[in-house]
Amino acid sequence: MEQDMRVLMFQCGGCNGKGVNSLLSNVNKCLKKEGKITPEEVAIHFASCITLDNHHSSRCMFLNYMKQQVSKTPFRDSLILEDTWHSKTATRRRAEGIYKTNKN
1 MEQDMRVLMF QCGGCNGKGV NSLLSNVNKC LKKEGKITPE EVAIHFASCI
51 TLDNHHSSRC MFLNYMKQQV SKTPFRDSLI LEDTWHSKTA TRRRAEGIYK
101 TNKN
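The sequence shown begins at 1 in UniProt numbering and counts up one residue at a time.
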């Protein structure tokens, strides 16, 4: 990603991810008030607890629903990020198949 972009990192707000709409609505109000950046300049980064298997739980079954909710907001053209930084231990565990990624 070469261009300057604001990354909005957030959690879902609980099952079934309905909190995504409220969060994005509030963020959009703040952006309009500040008038410095637009939704198109924001990347949405779903938390790793939503997008990846980890030692806490499996990948969230509502991820696609949350993406659909984003598509109904002013952030519909925003870049959606689903990956995250992984520690060496987590990277090794994924390579060994202990943790699954959203790619398999």
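Note that the Cβ used here is the ideal one computed from N, Cα and C, for glycine as well.
Nothing here was measured: the structure is a model prediction, and the numbers come from that model.
Annotation: residue 76 to residue 28 spans about 12 angstroms, alpha carbon to alpha carbon.
Excluding its 5 nearest sequence neighbours in each direction, residue 60 has C-beta neighbours in its own chain below 6 angstroms: 50, listed in chain order. Looking at the DSSP output, residue 56 bridges to nothing.
Annotated three-state conformation of residue 43 is strand, per DSSP. The beta carbons of residue 23 and residue 13 sit closer together than 8 angstroms.
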